[in-house]
Amino acid sequence: MRRWLILSLVLLGACRGGAVMPGPPVPLANDSIQDLRTGQVLTPEELAVRLSRAPRLIVGEQHDHPGHHAVQLWLLQAMATQRAQGSLLLEMLTPEQQPRVEALQGAPQALPNDLPRALAWAPGWDWALYGPLVRYALPQPFPLWAANLDPSEIRDIYRKAPVLRGKHSNAAPVREELLRQVRDSHCGLLPESQMSAMLAVQQQRDRRMAERLLAAPTPAVLFAGAFHARKDVGVPVHVRDLEPSHGVVVLMLAQKGVPVSPASADYVWYGATLPEKDYCAQMRP
Numbered sequence: 006m007r008r009w010l011i012l013s014l015v016l017l018g019a020c021r022g023g024a025v026m027p028g029p030p031v032p033l034a035n036d037s038i039q040d041l042r043t044g045q046v047l048t049p050e051e052l053a054v055r056l057s058r059a060p061r062l063i064v065g066e067q068h069d070h071p072g073h074h075a076v077q078l079w080l081l082q083a084m085a086t087q088r089a090q091g092s093l094l095l096e097m098l099t100p101e102q103q104p105r106v107e108a109l110q111g112a113p114q115a116l117p118n119d120l121p122r123a124l125a126w127a128p129g130w131d132w133a134l135y136g137p138l139v140r141y142a143l144p145q146p147f148p149l150w151a152a153n154l155d156p157s158e159i160r161d162i163y164r165k166a167p168v169l170r171g172k173h174s175n176a177a178p179v180r181e182e183l184l185r186q187v188r189d190s191h192c193g194l195l196p197e198s199q200m201s202a203m204l205a206v207q208q209q210r211d212r213r214m215a216e217r218l219l220a221a222p223t224p225a226v227l228f229a230g231a232f233h234a235r236k237d238v239g240v241p242v243h244v245r246d247l248e249p250s251h252g253v254v255v256l257m258l259a260q261k262g263v264p265v266s267p268a269s270a271d272y273v274w275y276g277a278t279l280p281e282k283d284y285c286a287q288m289r290p
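Numbering-wise, the sequence shown is residues 6 to 290 according to this note's numbering.
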């Protein structure tokens, strides 16, 4: 109970629209944080200090996990006590929305009451979860960048996939793992004839996020889904193809009982286990 009370207070402060500095640290309670490279267990404060040194950081989330969104907001605030933030990038924003974001970025006036409408926020991203983070970020001096593709770009890729250049992103193990994930995410119901197109969309999303992350003012932080964040198959693979000398640090937010491999991330924050949902139920005939 104390853990969620503190997280609620952090979120409440963010909703007021100001630049909230971290109060009490997010307590570990039943959470655990680990450096996957050494096995060392870290406190939230120790993690924030280490992550603040990274020029480019990717945080992988489970989109519907409330605890992940609370941790992301706290991390931004905690790292701000260590250095000035350079930029924040969101998978949830597209290029079409970028002018709307910039019109509100750092504006002296209060944010609109209907902020989701002002941003043309996509209903597929639960505003109740993402709203506090966006409301915190918009008044800040650092830019908030779109990191995804526009729907029209996705349609074009689906119809005719562009050539993806890079030995790392085209490696067989990367493509095979992504194809497995596409099958699983569509509950095994996607026709094989559509698999290559879906793979192309997934990889072009990763390529766009990598391009934006490399172009963003540093220190840059990207919040994206866990598969996009993975070091072995996601955005970091494309960063290696585009700019081999520019590494990224990956923090994976995960549920307890779902192990994260050192090949996938540098750090893992294991949090609450949510009740299982049958996402495939509505897809079954």
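We put the CB at the ideal spot given by N, CA and C, even for glycine.
Note on residue 197: under 16 other CB atoms within 10 angstroms of its CB, so exposed under the neighbour-count rule. Around the beta-carbon of residue 279, fewer than 16 other beta-carbon atoms lie within 10 Å, marking it exposed. By the beta-carbon neighbour count (other beta carbons within 10 angstroms, threshold 16), residue 276 is buried. Under DSSP, residue 66 forms a beta bridge with 230.
Contact check for residue 77 against residue 84 fails: the beta carbons are separated by 8 Å or more. In this structure residue 236 touches residue 269 by the C-beta definition: roughly 6 Å separates them, less than 8 Å. The stretch 42-60 makes contact with the stretch 222-233, as at least three CB pairs between them are under 8 Å.
When the alpha-carbon of residue 262 is set against those of 118, 112 and 273, the nearest one is in 273. Residue state for residue 246 is assigned as helix, using DSSP reduced to three classes. Note that the C-beta distance between residue 67 and residue 231 is below 8 Å. If you draw a straight line from the Cα of residue 258 to the Cα of residue 65, it is about 6 Å long. Residue range 92-95 is occupied by the beta strand (DSSP E) that includes residue 95.
The three-state secondary structure of residue 276, taken from DSSP, is strand. DSSP, reduced to helix, strand and coil, places residue 61 within a strand of the structure shown. Counting every other CB atom within 10 Å of its CB across the protein chains shown gives residue 153 a total of 16 or more, marking it as buried. In the DSSP assignment, residue 76 falls outside any beta strand (DSSP E) and within the unbroken alpha helix (DSSP H) covering 71-85. For residue 132, the secondary structure class from DSSP, reduced to helix, strand or coil, is helix.
Annotation for residue 45: no alpha helix (DSSP H) segment contains it, and DSSP assigns it neither H nor E.
Residue pairing by DSSP leaves residue 115 without any beta bridge partner. Counting along the chain, the unbroken alpha helix (DSSP H) around residue 187 starts and ends at 177-190.
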